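Peer 1: Sharing a structure with you now.
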Amino acid sequence: GKRRNLEIKKEIERILKSVEEEALVVLGDFNAHIGLLGAQTLDRNGKMILKWLNEYNLTMLNLDDRCEGTTTWEARDQRSTVDFVLVNQKMYSRFIEMEIDEKREKIDISDHNLITVTFKMKKQIEKIDKGKVIEKEYYTKDKLALKIYRKKARRFLG
Numbered sequence: 095g096k097r098r099n100l101e102i103k104k105e106i107e108r109i110l111k112s113v114e115e116e117a118l119v120v121l122g123d124f125n126a127h128i129g130l131l132g133a134q135t136l137d138r139n140g141k142m143i144l145k146w147l148n149e150y151n152l153t154m155l156n157l158d159d160r161c162e163g164t165t166t167w168e169a170r171d172q173r174s175t176v177d178f179v180l181v182n183q184k185m186y187s188r189f190i191e192m193e194i195d196e197k198r199e200k201i202d203i204s205d206h207n208l209i210t211v212t213f214k215m216k217k218q219i220e221k222i223d224k225g226k227v228i229e230k231e232y233y234t235k236d237k238l239a240l241k242i243y244r245k246k247a248r249r250f251l252g
């Protein structure tokens, strides 16, 4: 409900404030309408996203000329754009293209269309020293994904 959404919003904003120097991608089903894509008018979640773009100097890849497709959700003869990909300037400089699979040619198992984003990444081979701490931060509501991640992390760390 609303309380859970507020918790998620606060957590995302905490992350946005803490990773200003890192390459950052924020993506997902925001269940938002920004009034610029699709037929829907601006709503509360859309205002929140537009505020983030301004406040944290983010770019919405859905609005970029290199994004092919608009509709991210489709069911019962209704269409909408509710999934967004936001990046900071460091990541935007690496952005190559984005495709929203509106025809569901690649995968058709959800009422959301597959979004593929391509970035140019530096080829970097990093030697991991014993005792070196690598800190990564992830946020998900998906309990199964979290369980799988923990299992893989334990296996990786020994």
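Reminder that position 25 of the sequence shown reads as 119 in my numbering, one-by-one numbering, no gaps. Glycine included, each C-beta is placed from N, C-alpha and C at the ideal position. Bear in mind the structure is a predicted one, so any value in this text is a computation, not a measurement.
#1: Here's the rule I'm using: 16 or more other beta-carbon atoms within 10 Å means buried, otherwise exposed. How should residue 177 be labelled?
#2: Among the candidates 238, 150, 96 and 171, whose CA atom is the shortest distance from the CA of residue 184?
#3: Decide if the segment 237-248 is in contact with the segment 193-207; the criterion is three or more beta carbon pairs, one per stretch, under 8 angstroms apart.
#4: Put residue 172 into one of helix, strand or coil per three-state DSSP.
#5: Terminal residues of the continuous alpha helix (DSSP H) containing residue 142?
#6: Might you give, ordered along the chain, the residues of its own chain that have their beta carbon closer than 7 angstroms to the beta carbon of residue 123, omitting 5 neighbours on each side?
#7: Under 8 angstroms: do the segment 127-134 and the segment 182-198 share three or more Cβ pairs, one atom per stretch?
#8: Within 8 angstroms (strictly less), CB to CB, does residue 181 reach chain D?
#9: So what's residue 107 in DSSP terms, helix, strand or just coil?
#10: Kindly give me the distance between the Cβ atoms of residue 121 and residue 179, rounded to whole angstroms, as I take these residues to be in contact under 8 angstroms.
#11: On the criterion of 16 or more Cβ atoms from any shown chain inside 10 Å, does residue 155 qualify as buried, or is it exposed?
#12: In the DSSP assignment, find the beta strand (DSSP E) that holds residue 192 and state where it starts and stops.
#13: If we ignore side chains and look at the alpha-carbon of each, how far apart do residue 170 and residue 235 end up?
#14: Counting C-beta neighbours from all protein chains within 10 Å, is the total for residue 140 16 or more, i.e. buried, or is it exposed?
#15: Can you tell me which of the three DSSP states residue 102 falls into?
#16: Could you give the DSSP three-state label for residue 251: helix, strand or coil?
Peer 2: Walking through what the data contain:
#1: The residue labelled residue 177 in the question sits at position 83 within the sequence shown. With 16 or more other Cβ atoms within 10 Å, it is buried.
#2: The residue labelled residue 184 in the question sits at position 90 within the sequence shown. Nearest C-alpha to residue 184: 150.
#3: no
#4: For the purposes of this step, residue 172 is taken as the residue at position 78 of the sequence shown. Note: residue 172 maps to strand in three-state DSSP.
#5: The sequence position of residue 142 within the sequence shown is 48, counting from 1. Note, residue 142: alpha helix (DSSP H), 138-149.
#6: Position 29 of the sequence shown, counted from the first residue, corresponds to residue 123. Excluding residues within five positions, the ones whose Cβ falls inside 7 angstroms are 176, 177 and 206.
#7: no
#8: Of the protein chains in this structure there is only one, and it is not chain D.
#9: Looking up residue 107 in the sequence shown gives position 13. In this structure, residue 107 counts as helix in the three-state DSSP scheme.
#10: By one-based count along the sequence shown, residue 121 stands at place 27. By one-based count along the sequence shown, residue 179 stands at place 85. The Cβ separation is near 4 angstroms, so the contact holds.
#11: Here residue 155 corresponds to residue number 61 of the sequence shown, with the count starting at 1. Buried is the call here.
#12: Within the sequence shown, numbered from 1, the residue matching residue 192 stands at position 98. Residues 189-194.
#13: For this step, residue 170 is matched to residue 76 along the sequence shown. For this step, residue 235 is matched to residue 141 along the sequence shown. Their backbone Cα atoms lie some 26 angstroms apart in a straight line.
#14: In the sequence shown, the residue the question calls residue 140 occupies position 46. Looking at its Cβ environment, which holds 16 or more other Cβ atoms inside 10 Å, residue 140 is buried.
#15: The residue given as residue 102 occupies position 8 in the sequence shown. Helix.
#16: Along the sequence shown, read from residue 1 onward, the residue named residue 251 stands at position 157. Residue 251 falls in the helix class under three-state DSSP.
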